[in-house]
Structures are given as C-alpha cells and as structure tokens.
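Below is one structure, written out as structure tokens; comments come after it.
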Amino acid sequence: MYRLRMGLCLLLGTTLLAGCSDRNALTAPSARPLASTSALVDRPYTWSFKCNGHWTIIAQWYWTENGLAIASGSASCSAGETLSGTGVRPANANGFAANVGDNSKSWSFAPAGPFNASLSGSSGGSTRHCFICTPKENGQLSVDS
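In this note's numbering, the protein residues as written are 982 to 1126.
The structure is reproduced here in structure tokens:
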C-alpha cells in the first residue's frame, strides 16, 4: 500500500512538473479584452435646493434601477437658503425619483447618458382654520449628472 501511494505521488509530481515547464502551453485563461469606452461607470452629479418663504421644506431624491431605489440623498432648507452638493450616480441607475414638499415626480433615462431634472414643491401655509398653522415654504430641487 505504501509503495502504491509513493508511486502515485511521484506520477502526480512528474505530471505537474511537466505541465509547468512547457512555456508555450496555455496554463491559465486568456485575459479578457479591455472594457470599451462605452462601459457603464458611476457618474458624479451635482444638486442644488433653493428655498423661498418663511418656514422649512425637505427634498428627497432616489437613483433607481427598474423602479427600485439604489442610492438616495436629501436636503432641508428654509427662508431664502440655497444649498448645493455633489454625489455619485450609480452606473446601473436608469431612473430618478424626487419629492419636494407636497410634489413628487419620477423620470427614466439611459444609464450611459447624461441626466438633469428640476422639481418644485411647497409645504405649510394652510388656508383652513387649524390648531397649529405653519407658514408656507417653496423649494426647487435641481439635479445634473
């Protein structure tokens, strides 16, 4: 039994050595071709949120893939503020949805292409008799990618 194992080990070792010593033989898969310039990549985006009024308003946005949120952002501003920032749009995003105060909207786009959107909304400013009334605030969200 011992001699049989020894013989098998020697045979296996010889086979491995022969396979490694042949420099012309293909021993690993060939490298994949380099990605083309049209490959999908994450893209930067900028956003701004301008507020006008006497209270506070919130904006929320979502990068989506086939309707499902895959990345998000939000901002809250008040009384004449303008906020701005940057982020990363996921490479596979093919949609965008946003809420500004009482207004919502969604868009579709090609993942490899540019995208920009603007959405306005308001909050507060009840005209009915209320126990606690809040002043009206308007906001406009702009996104460019």
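Here a beta-carbon is modelled for each residue, glycine too, at the ideal position from N, C-alpha and C. All figures in this text were calculated on a predicted structure; none of them were measured in a lab.
Opposite Ile1039 in the DSSP bridges: which residues? Within the DSSP secondary-structure output, Ile1039 pairs in a beta bridge with Ser1057.
Reference Ile1051; option with closest CA among Glu1118, Gly1120 and Ala1078: Ala1078
What does a CB cutoff of less than 6 Å around Asn1080 pick up in its chain, not counting 5 residues either side in sequence? Gln1041
Round the Cβ separation of Gly1102 and Cys1058 to the nearest angstrom and send it over; I've been treating them as touching at under 8 Å. About 12 Å; that fails the 8 Å criterion.
Separation of Ser1029 from Glu1118, as counted between CA atoms: 16 Å
Give me the Cβ distance between Trp1088 and Pro1071, rounded to the nearest whole Å; I'm assuming they're in contact under 8 Å. Between Pro1071 and Trp1088 the Cβ distance is about 15 Å, and since that is not below 8 Å, they are no contact.
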